[in-house]
Amino acid sequence: MQSNYLKRTIVREELSSDYLSETRVLQIYLPPGYSDENRYPVLFLQDGSDYLTLGRIATQTNQLIAEGRIHPPIIVMIPVDKERRNEEYAPGGERFEAYCRFVAEEVLTRVESRFAARRDPEGRVIGGSSLGATVSLHIALDFPDRFRRVLSQSGAFFKATLDRIRQTPSLEELDVYQLIGLEEYAVPTHVGNLDLLARNREVSRALREKGASLRYVEKEGKHTWGLWQKDLPDALTYFLEKTADSSP
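Encoded structure:
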């Protein structure tokens, strides 16, 4: 168990994007004992480098696997240029639509062609923190045939996100894990300080009104990696325990 807990397998995959007109280097976590003969659920994460270093997601996932708490996943960590993050992650950003298509079409296709990934929406989770959670939810709303499960940590949601949820007739197939910190009521953003606690409560109500499955969690904490790292075992367990018994 200890050797599995310590061993980390991270594969670097270069992907030339037509939508973004540049090459991104994906970091892909493969679980201990990975085999092409299996089919693994896949977690797609925005701010991928931060989830690896600040979220310690590879180490935490290994530990959860070793403890028998989750089904082993593949984790696709998608990098972002911090200088262009708002353009790609914020609704209305200049590269927002292109980025959403990059993930839903180019990243998904590459991962499924190269790795032993499940190929059904229930076998995929898309997520992130702050604006990474925002763009992940929008991708799921815009591509429901591909993504129906969203991991949202301290989503920096705007009115555009609420409007997008309310425009959708039904979200009964959507499954969301939504975390917000109780001290996230004056979070500095590119458009000024936002009360993300109040906004996440609004979003949770809107999701429920549309029939989405929702695990909504409020925890002590601020808009920092300290909160998100500590929350990851709960978030991973929520999705991967459910997936474990339903693999085709």
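Residue numbers are given in numbering that gives the first Met the number 0: position 36 of the sequence shown equals residue 35, and the series is strictly consecutive.
Beta carbons are placed, not taken as given, at the ideal position from N, Cα and C, and that holds for glycine.
Cβ-Cβ separation, residue j to residue i (assumed contact under 8 Å), whole Å
| i | j | result |
| --- | --- | --- |
| R94 | L213 | Not confirmed; about 29 Å, so no contact. |
| V79 | Q45 | 7 Å |
| G126 | L63 | About 16 Å separates the two Cβ atoms, so there is no contact after all. |
| S135 | S151 | 7 Å |
| V149 | A159 | With a Cβ gap of about 16 Å, V149 and A159 do not count as contacting. |
| L181 | E219 | 6 Å |
| Y28 | A57 | 5 Å |
| N61 | R117 | No, N61 and R117 are not in contact; Cβ-Cβ is about 20 Å, not under 8 Å. |
| D194 | A205 | Contact flag wrong, Cβ pair sits at about 16 Å. |
| Q228 | R68 | Not confirmed; about 17 Å, so no contact. |
| P120 | R100 | Actually they do not touch by this definition, with Cβ atoms about 17 Å apart. |
| A89 | L130 | 6 Å |
Selection from the options that minimises the alpha carbon distance to residue i
| i | options | result |
| --- | --- | --- |
| G47 | L136, S15 and I74 | I74 |
| E171 | D194, G225 and R147 | R147 |
| A115 | D35, F142 and T167 | D35 |
| E12 | K6, L25 and E21 | L25 |
| K209 | Y176, P168 and V190 | P168 |
| F157 | E201, A57 and E183 | E201 |
| V124 | E96, R84, V175 and E86 | V175 |
| D49 | G32, R84 and S16 | R84 |
| L14 | R109, G191 and G32 | R109 |
| V102 | E183, E240, G91 and M76 | M76 |
| F238 | H189, P90 and L173 | L173 |
| I164 | G131, R207 and T188 | R207 |
| L235 | P40, P31 and E104 | P40 |
| A132 | S16, H222 and E21 | H222 |
Enclosing beta strand (DSSP E) for residue i [first to last residue]
| i | result |
| --- | --- |
| N37 | Premise fails: N37 is in no beta strand (DSSP E) and is neither H nor E. |
| G122 | No beta strand (DSSP E) holds G122; DSSP gives it neither H nor E. |
| I69 | Neither: I69 is in no beta strand (DSSP E) and is coded neither H nor E. |
| L25 | E21 to L29 |
Limits of the unbroken alpha helix (DSSP H) element including residue i
| i | result |
| --- | --- |
| Y237 | W224 to A243 |
| L14 | It is not in any alpha helix (DSSP H) - L14 instead sits in the beta strand (DSSP E) that spans T8 to S16. |
| E82 | Counting along the chain, E82 falls outside any alpha helix (DSSP H), and DSSP gives it neither H nor E. |
| D49 | G47 to T52 |
Going along the chain, which unbroken runs of the alpha helix (DSSP H) with 4 or more residues stay wholly within the segment 159-232?
When DSSP assignments are scanned along the segment 159-232, the uninterrupted stretches of alpha helix (DSSP H) that are 4 or more residues long and fall wholly within it turn out to be 195-208.
Runs of alpha helix (DSSP H) wholly within the segment 99-148 (minimum 4 residues, chain order):
107-113 and 130-141, all fully within the segment 99-148.
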